[in-house]
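Numbering (my numbering), first residue to last: 1 to 135. Every residue, glycine too, gets a C-beta built ideally from N, C-alpha and C.
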Amino acid sequence: FWPLTAYIRDLQKVWVDGVVDESRWKTYISNLKSDWDSYTLYSTVMLAVDVSFLAAPVVQSGTPNSDSIRYLIYGSIIFSVGTIMVSVNLANQIRKFDVDSAFGAVHYLASMASGRLRVKQLAVMFMLPPLLLQW
(Lines of atoms letter the chains of each structure in order from A and count residues from 1; the text may use other names and numbers.)
(Lines give C-alpha, C1' and ligand atoms only; values in the text may rest on other atoms or scores of the structure.)
Protein backbone atom coordinates (compact mmCIF):
# COMPACT_ATOMS: atom_id res chain seq x y z
CA PHE A 1 0.00 0.00 0.00
CA TRP A 2 2.19 2.79 -1.26
CA PRO A 3 -0.50 5.49 -0.82
CA LEU A 4 -0.73 4.66 2.89
CA THR A 5 2.97 5.31 3.43
CA ALA A 6 2.70 8.52 1.41
CA TYR A 7 -0.18 9.77 3.59
CA ILE A 8 1.71 8.80 6.75
CA ARG A 9 4.86 10.58 5.57
CA ASP A 10 2.90 13.72 4.63
CA LEU A 11 1.09 13.78 7.98
CA GLN A 12 4.35 13.32 9.85
CA LYS A 13 5.79 16.34 8.03
CA VAL A 14 2.81 18.46 9.04
CA TRP A 15 2.04 17.19 12.55
CA VAL A 16 5.04 16.57 14.81
CA ASP A 17 4.66 15.89 18.53
CA GLY A 18 1.19 17.43 18.63
CA VAL A 19 2.37 20.63 16.94
CA VAL A 20 1.27 21.68 13.46
CA ASP A 21 3.48 23.58 11.03
CA GLU A 22 0.89 26.10 9.85
CA SER A 23 2.33 26.81 6.39
CA ARG A 24 2.71 23.12 5.56
CA TRP A 25 -0.71 22.40 7.03
CA LYS A 26 -2.46 24.97 4.83
CA THR A 27 -0.88 23.48 1.71
CA TYR A 28 -1.64 19.94 2.87
CA ILE A 29 -5.28 20.54 3.77
CA SER A 30 -5.88 22.53 0.60
CA ASN A 31 -4.56 19.65 -1.50
CA LEU A 32 -6.57 17.16 0.53
CA LYS A 33 -9.82 19.12 0.04
CA SER A 34 -9.12 19.38 -3.67
CA ASP A 35 -8.50 15.64 -3.86
CA TRP A 36 -11.74 14.87 -2.03
CA ASP A 37 -13.68 17.14 -4.38
CA SER A 38 -12.09 15.39 -7.36
CA TYR A 39 -12.91 11.94 -5.97
CA THR A 40 -16.51 12.99 -5.41
CA LEU A 41 -16.85 14.34 -8.94
CA TYR A 42 -15.17 11.34 -10.54
CA SER A 43 -17.27 8.89 -8.50
CA THR A 44 -20.46 10.70 -9.45
CA VAL A 45 -19.58 10.40 -13.13
CA MET A 46 -18.67 6.73 -12.67
CA LEU A 47 -21.98 6.13 -10.90
CA ALA A 48 -23.92 7.67 -13.80
CA VAL A 49 -21.96 5.60 -16.33
CA ASP A 50 -22.47 2.39 -14.33
CA VAL A 51 -26.21 2.93 -14.09
CA SER A 52 -26.42 3.65 -17.82
CA PHE A 53 -24.49 0.44 -18.56
CA LEU A 54 -27.13 -1.52 -16.66
CA ALA A 55 -29.68 -0.46 -19.28
CA ALA A 56 -27.56 -1.77 -22.17
CA PRO A 57 -29.13 -4.63 -24.14
CA VAL A 58 -26.05 -6.84 -23.68
CA VAL A 59 -26.40 -6.64 -19.91
CA GLN A 60 -30.15 -7.31 -20.04
CA SER A 61 -29.90 -10.27 -22.44
CA GLY A 62 -29.80 -12.99 -19.78
CA THR A 63 -26.76 -14.78 -21.17
CA PRO A 64 -24.17 -16.24 -18.79
CA ASN A 65 -21.78 -13.42 -19.63
CA SER A 66 -24.39 -10.80 -18.87
CA ASP A 67 -24.63 -12.01 -15.27
CA SER A 68 -20.91 -11.53 -14.66
CA ILE A 69 -21.02 -8.12 -16.37
CA ARG A 70 -23.94 -7.12 -14.19
CA TYR A 71 -22.11 -8.20 -11.02
CA LEU A 72 -19.07 -6.14 -12.00
CA ILE A 73 -21.27 -3.12 -12.64
CA TYR A 74 -22.99 -3.58 -9.27
CA GLY A 75 -19.57 -3.76 -7.61
CA SER A 76 -18.52 -0.57 -9.33
CA ILE A 77 -21.73 1.13 -8.18
CA ILE A 78 -21.10 0.08 -4.58
CA PHE A 79 -17.53 1.38 -4.62
CA SER A 80 -18.55 4.61 -6.34
CA VAL A 81 -21.23 5.29 -3.74
CA GLY A 82 -18.74 4.39 -1.00
CA THR A 83 -16.22 6.85 -2.39
CA ILE A 84 -18.82 9.60 -2.54
CA MET A 85 -19.95 8.91 1.03
CA VAL A 86 -16.43 8.82 2.48
CA SER A 87 -15.25 11.91 0.58
CA VAL A 88 -18.28 13.96 1.57
CA ASN A 89 -18.02 12.77 5.17
CA LEU A 90 -14.33 13.70 5.41
CA ALA A 91 -15.00 17.10 3.85
CA ASN A 92 -17.85 17.73 6.30
CA GLN A 93 -15.66 16.81 9.25
CA ILE A 94 -13.08 19.36 8.09
CA ARG A 95 -15.76 22.08 7.94
CA LYS A 96 -16.62 21.60 11.63
CA PHE A 97 -13.19 22.87 12.67
CA ASP A 98 -11.32 26.08 11.92
CA VAL A 99 -8.66 24.17 9.99
CA ASP A 100 -7.17 27.34 8.53
CA SER A 101 -5.41 28.03 11.84
CA ALA A 102 -2.78 25.90 13.53
CA PHE A 103 -4.92 25.61 16.68
CA GLY A 104 -7.90 24.40 14.65
CA ALA A 105 -5.69 21.94 12.81
CA VAL A 106 -4.36 20.45 16.05
CA HIS A 107 -7.88 20.24 17.45
CA TYR A 108 -9.11 18.52 14.27
CA LEU A 109 -6.21 16.05 14.11
CA ALA A 110 -6.43 15.21 17.81
CA SER A 111 -10.19 14.69 17.69
CA MET A 112 -10.04 12.45 14.61
CA ALA A 113 -7.55 9.98 16.03
CA SER A 114 -6.15 9.11 19.42
CA GLY A 115 -3.47 6.94 20.89
CA ARG A 116 -0.11 5.88 19.56
CA LEU A 117 -1.38 5.04 16.09
CA ARG A 118 -3.18 8.32 15.43
CA VAL A 119 -1.11 9.28 12.38
CA LYS A 120 -1.73 5.85 10.87
CA GLN A 121 -5.46 6.08 11.68
CA LEU A 122 -5.69 9.42 9.91
CA ALA A 123 -3.69 8.12 6.96
CA VAL A 124 -6.07 5.17 6.56
CA MET A 125 -9.10 7.50 6.70
CA PHE A 126 -7.58 9.89 4.17
CA MET A 127 -6.63 6.99 1.90
CA LEU A 128 -10.14 5.47 1.72
CA PRO A 129 -11.54 7.53 -1.19
CA PRO A 130 -8.72 6.78 -3.65
CA LEU A 131 -8.60 3.18 -2.44
CA LEU A 132 -12.31 2.69 -3.11
CA LEU A 133 -11.90 4.18 -6.58
CA GLN A 134 -9.09 1.79 -7.44
CA TRP A 135 -11.00 -1.36 -6.55
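Here the alpha carbons of LEU117 and VAL19 stand approximately 16 Å from one another. When C-alpha distances from ILE8 are compared across ALA123, ARG24, ASP21, the shortest belongs to ALA123. Judged by pairs of C-beta atoms under 8 Å, the stretch 80 to 100 does not touch the stretch 57 to 67, as fewer than three such pairs exist. When rounded, the separation of the alpha-carbon atoms in SER34 and TYR28 is 10 Å. A direct Cα-to-Cα measurement between VAL45 and PRO64 gives close to 28 Å. Annotated three-state conformation of VAL20 is strand, per DSSP.
As the crow flies, the alpha-carbon of ASP37 is around 23 Å from that of LYS13.
For TRP15, the pairing in a beta bridge is given by DSSP as VAL20.
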